[in-house]
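In my numbering, the protein residues as written are 150 to 297.
Beta carbons: idealized from backbone N, C-alpha and C, even for Gly.
Before any comments, here is the structure.
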């Protein structure tokens, strides 16, 4: 049986079932799922803020998921050398990335003959929405914590 290596990545800060939905669907597309966990530097670069959860803890969480075969550090988007090294056959992204232009990605797909697949984005969930909800409810959260 030919080994089909699937790759997806993310920050996985404040991980939620939207993240696991992507990983579960990505795993079904091949027989090995490699997940790139974004470094703190990369997250700060594209989101403008540091992640809430440490890199080490985010990696630990993703490694513990049954769908994941290997976790690697993602220091830059669509690193052609890294994709070549791990012999990636398919890259999976959430459908929220569809239609966005990434010359690095297009270069990797062509040069390495990698297929691109999108899985449905879980609209009701995002780490950003979770953070917004925490901020909105900060005072009640602090009051509840002080009563413990």
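- Contact annotation: residue 258 and residue 216 have beta-carbon atoms that are not nearer than 8 Å.
- Residue 181 is bridged by DSSP to 154.
- Remark: C-beta atoms of residue 223 and residue 158 approach each other more closely than 8 Å.
- DSSP, read as helix, strand or coil, puts residue 167 in helix.
- Listed in chain order, the alpha helix (DSSP H) elements of length 4 or more contained wholly in the stretch 236-284 are 252-261.
- In this structure, the beta-carbon distance from residue 192 to residue 232 does not fall below 8 Å.
- When the beta-carbon positions are compared, residue 180 and residue 219 stay at least 8 Å from each other.
- For residue 178, the CB contacts under 8 Å within the same chain, skipping 5 residues up- and downstream, are 153, 155, 239, 241, 266 in chain order.
- Across the set 228, 174, 203, the C-alpha of 228 shows the shortest separation from the C-alpha of residue 252.
- Cβ-Cβ distances below 8 Å link residue 209 to nothing in the same chain once the five nearest sequence neighbours on each side are left out.
- One Cα belongs to residue 204, the other to residue 256, and the distance between them is close to 28 Å.
- A straight line joining the alpha-carbon of residue 170 with that of residue 214 spans about 11 Å.
- The beta carbon of residue 237 sits closer than 8 Å to the beta carbons of 154, 155, 156, 183, 261, 263 from its chain, once the five residues preceding and following it are set aside; these are given in chain order.
- Here residue 222 carries a strand assignment [DSSP, helix/strand/coil].
- In this structure residue 198 is exposed. Its beta-carbon is surrounded by fewer than 16 other beta-carbon atoms within 10 angstroms.
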